[in-house]
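Its first residue numbered 128, the sequence shown is counted upward by one per residue in the working numbering. Positions of the beta carbon are idealized from the N, C-alpha and C atoms, including for glycine. None of these values were measured; they are calculated from a predicted model.
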Amino acid sequence: MGVVLETVNVTRYFGAVKAADDLSVQLAAGQTVGIVGPNGSGKTTFVNLVTGYVKPARGVVRFRECDITGLTPRQITRLGIARSFQIPQLYLRLSVLENMLIALAVREQRQWDLWRPLKLPARVDEACALLAQFGFFDGLSQPVSTLPEGGRKLLDVALSFALRPSVLLLDEPTSGVSVEDKFAVMDRLMSVVRQSAITAVFIEHDMEVVARYAERVLVFAEGRILADGAPAEVFANPAVRTHVLGEGA
Ligand SMILES: Nc1ncnc2c1ncn2[C@@H]1O[C@H](COP(=O)(O)OP(=O)(O)OP(=O)(O)O)[C@@H](O)[C@H]1O
Ligand SMILES: [Mg+2]
């Protein structure tokens, strides 16, 4: 399958910290990739670099063969590369539906048209359809603050679908979610990812989650890729076992 997104020799230091050290990664269209690695190993920086939140000091980021290195996060989002953050970016006092309506208004660049009603019927229909894909059928008028963490995480990703992305980068979609809810959240996310045939990258600390949902695992250590391959192969790698899984050296 073709390469949809790639970094070529991308490097970024913060002071003496090598957050991204000569990273060359290719992501194939439709692939589901898990990113693992110790705290501070550069996982979020990788997502920040490909989504324009951090500029590389050296190297190139390409999306479908186009150089997107200098583009702003907003321009990159509009190309169809969506992301989530470690902490969901939601309007907690507004309802589930209102949050989605705002995401759709942003897509239409009409969020500042205060004289236009947010609840246009066509937009409400689209919002409900998108929410239903992520399992939100009722309670749509509840404030987001009443949702459990798993619901907030799902809603956060659902909002990024307003832009109909072809690539989705998720920064710890299950962090803060209870152990019982983790797999339910991932099942839902991954079923939408599969239905939409998009390329999905997720950063994850729970190796059981990675093993279950990723076809390919990238292991980060000190801003570099320590291992890259199928989960079984990567988790059997002695260097990964020592440095990432914390097994005795
Ligand atoms: N904007 C920034 N300014 C200064 N240092 C930064 C910045 N962003 C990241 N770093 C540093 O770069 C290194 C990599 O950070 P990054 O956030 O990418 O790690 P991570 O693998 O996502 O870690 P975690 O698992 O804790 O989320 C860390 O040492 C971090 O402190
Ligand atoms: Mg991080």
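The alpha-carbon separation between residue 315 and residue 155 amounts to approximately 22 angstroms.
In this chain, the beta strand (DSSP E) harbouring residue 326 covers 326-330. Counting the other Cβ atoms within 10 Å of the Cβ of residue 344 gives 16 or more, which makes it buried. Residue 292 and residue 214 have their C-alpha atoms some 20 angstroms from each other. Remark: the shortest separation between the CB of residue 146 and any heavy atom of ligand 1 falls under 7 angstroms. In this structure, residue 204 places its C-beta atom within 8 angstroms of the C-beta atom of residue 290. Counting the other CB atoms within 10 Å of its CB gives residue 372 a total below 16, which places it among the exposed residues. Runs of the beta strand (DSSP E) spanning 3 or more residues and lying entirely within the region 144-227 occur at 144-155, 159-163, 185-190 and 208-210, in chain order.
If you check the C-beta of residue 303 against ligand 1, you find no heavy atom less than 7 angstroms away. Taken from the Cβ of residue 269, every heavy atom of ligand 2 lies 7 angstroms or farther away.
For residue 294, the three-state secondary structure derived from DSSP is strand. Sorting 188, 301, 178 and 225 by C-alpha distance to the C-alpha of residue 317 places 301 at the top.
Beta-carbon to beta-carbon, residue 286 and residue 227 are separated by about 6 angstroms, close enough to satisfy the 8 angstroms threshold. With distances taken between CA atoms, residue 278 lies nearest to 303 out of 288, 303, 255 and 254. Here the alpha carbons of residue 265 and residue 186 stand approximately 47 angstroms from one another.
Around the beta-carbon of residue 219, fewer than 16 other beta-carbon atoms lie within 10 Å, marking it exposed. Leaving aside the five residues that flank residue 366 on each side, the residues in its chain whose CB is nearer than 8 angstroms to its CB run, in chain order, 353 and 354.
Look at residue 178: its beta carbon is at least 7 angstroms from all of the heavy atoms in ligand 2.
When 138, 298, 335 and 267 are compared, the shortest CA-CA separation from residue 174 is found for 298.
Secondary structure note for residue 355: its beta strand (DSSP E) is the uninterrupted segment 351-356.
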